[in-house]
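Some notes on the structure that comes next.
Protein chains: 2
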Amino acid sequence: MSSPQTLEPAVDADCCAPTQKPAISAGEAHHRALVFKALADPNRLRLLSIVKRADGGEACVCDLTEPLDLGQPTVSHHLKILVEAGLLSREKRGTWAYYSLVPGAVERTAGLLASL
Amino acid sequence: MSSPQTLEPAVDADCCAPTQKPAISAGEAHHRALVFKALADPNRLRLLSIVKRADGGEACVCDLTEPLDLGQPTVSHHLKILVEAGLLSREKRGTWAYYSLVPGAVERTAGLLASL
DNA sequence: CGGCAAGATTGATGAATGTCGATATCTGAA
DNA sequence: TTCAGATATCGACATTCATCAATCTTGCCG
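Here the protein sequences line up with chains A and B, keeping their order. Under the working numbering, the first residue of the first sequence carries the number 176, and numbering increases by one thereafter. Under the working numbering, the first residue of the second sequence carries the number 176, and numbering increases by one thereafter.
Structure, rendered in structure tokens:
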């Protein structure tokens, strides 16, 4: 195990790095990855963009199916993923379901990057 | 080469914009999704976190295999994805390969979110 | 030269994902 | 109540992905 820099293995009680947490925990990484997974699809990014620019800040599924050139079940599936990631919110009025950006969600996601 | 039609109706304040660009293009969405795909894995997020906090801002593969509990080929594979996404840079010195954060890459990625 | 260590690449495999067609659920109107 | 439209859910399929074992490439040093 030749290491280029002599790294003392696991003798904690060290003087010089008191809270040297080496990285975010596996659980925290898993949680953050869920949000980025929701953003890791072109059609979902376009959905966010369309909803953000939509009149009134909200759009229903029928307005989203055509510009993406996707079937209605597929759009509904993507919207569900975005809602579960905390990026979109859903409000049903009558027969229609209106989706809108969760306030501050984009800023919080950017914070997940900065605090890596 | 400059097209005279490249003026966009940006500052026409009160008048409505009839040709409202509905969203980012499919190609742009695809390009941005590549970056978020690189972030959509817990182990890659931990890799970024470890490299960011590493002494000197860089770490070699041998330092990354153990904390992630992954095999060396798998770590190498993840690092390649992060390099191709423009988040990490690779510098080979001797037998060792040192990875470090690309300056400003995290901020640029946050900008991809804000400009949706 | 030969051997060795670090890291990258290849091939294979099981799991996760995006998409669609068919169907179910729910709501307003006749 | 019955019908029609909007949306959600289910089942299936093809593709992508994460991981590992084995192998290859490269650079160091005896």
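Think of the CB as a built atom: it goes at the ideal place given N, C-alpha and C, for glycine as much as any other residue.
Nearest to residue i (by Cα), restricted to the options the options
i                 : options                                       : result
tryptophan 271(B) : Leu262(B), Glu282(B) and Ser251(B)            : Ser251(B)
cysteine 299(A)   : Leu214(A), Gly279(A), Gly286(A) and Lys267(A) : One cannot answer for residue 299(A) here, as it falls past the ends of chain A, which runs 176 to 291.
lysine 212(A)     : Ala229(A), Gly269(A), Gly279(A) and Val258(A) : Val258(A)
glycine 279(B)    : Tyr273(A), Val226(A), Pro217(A) and Leu288(A) : Leu288(A)
asparagine 218(B) : Lys227(A), Arg207(A) and Val281(A)            : Arg207(A)
glycine 202(A)    : Leu243(B), Arg265(B) and Tyr273(B)            : Leu243(B)
tyrosine 273(A)   : Leu222(A), Ser290(A) and Ala285(A)            : Leu222(A)
Length of the line joining the Cα atoms of residue i and residue j
i                : j                : result
leucine 245(B)   : glycine 261(B)   : 23 Å
arginine 283(B)  : leucine 209(B)   : 14 Å
valine 277(B)    : serine 224(A)    : 27 Å
serine 275(A)    : glycine 232(A)   : 6 Å
leucine 263(A)   : lysine 255(A)    : 9 Å
leucine 239(B)   : valine 281(A)    : 30 Å
glycine 286(A)   : lysine 227(A)    : 19 Å
leucine 291(B)   : serine 200(B)    : 11 Å
leucine 220(A)   : leucine 214(B)   : 15 Å
glutamate 241(B) : histidine 253(B) : 14 Å
cysteine 237(A)  : histidine 205(B) : 23 Å
arginine 265(A)  : arginine 265(B)  : 43 Å
Buried or exposed (CB count within 10 angstroms, at least 16 for buried), residue i
i                : result
proline 248(A)   : exposed
alanine 198(B)   : buried
aspartate 216(B) : buried
Residue-chain proximity (residue i, chain B), Cβ-Cβ < 9 Å
i                : result
alanine 272(A)   : no
proline 193(A)   : Unreliable positioning characterises proline 193(A) in this predicted model, as indicated by a pLDDT of 49, which lies under 50. The coordinate reading is nonetheless provided below. So, not an interface residue.
proline 217(A)   : yes
leucine 223(A)   : yes
histidine 205(A) : yes
valine 281(A)    : yes
Chain A contact for residue i (CB, 9 Å cutoff)
i                 : result
serine 264(B)     : no
threonine 284(B)  : yes
proline 278(B)    : no
proline 242(B)    : yes
isoleucine 199(B) : yes
Exercise for review: Run through the segment 256 to 286 of chain A for me and flag every whole beta strand (DSSP E) of 3 or more residues, listed as ranges in chain order.
Suggested key: 263 to 268 and 271 to 276
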